[in-house]
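Below is one structure, written out as structure tokens, with a few remarks after it.
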Amino acid sequence: MTIWSTFFYVFLFHAIFSLRKRFPDNVMRYFYRLMPVKHA
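Just so you know, we're using this note's numbering here: the sequence shown kicks off at 666 and counts up by one.
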């Protein structure tokens, strides 16, 4: 959408990709629940 949302999701994807190598899946589920799920 906007360039800020694009930058945010790229940064978020990079952070998740990096953290996924260090932390177990339950931590990833915790971060996933913190994210505002807006698919509309």
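Think of the CB as a built atom: it goes at the ideal place given N, C-alpha and C, for glycine as much as any other residue.
In this text the structure is predicted, and so the values were computed from the model without any measurement.
- C-alpha of L677 to C-alpha of F696: approximately 10 Å in a straight line.
- In the three-state DSSP reduction, T667 falls in the coil class, being neither helix nor strand.
- CA-CA distance, V692 to T671, rounds to 24 Å.
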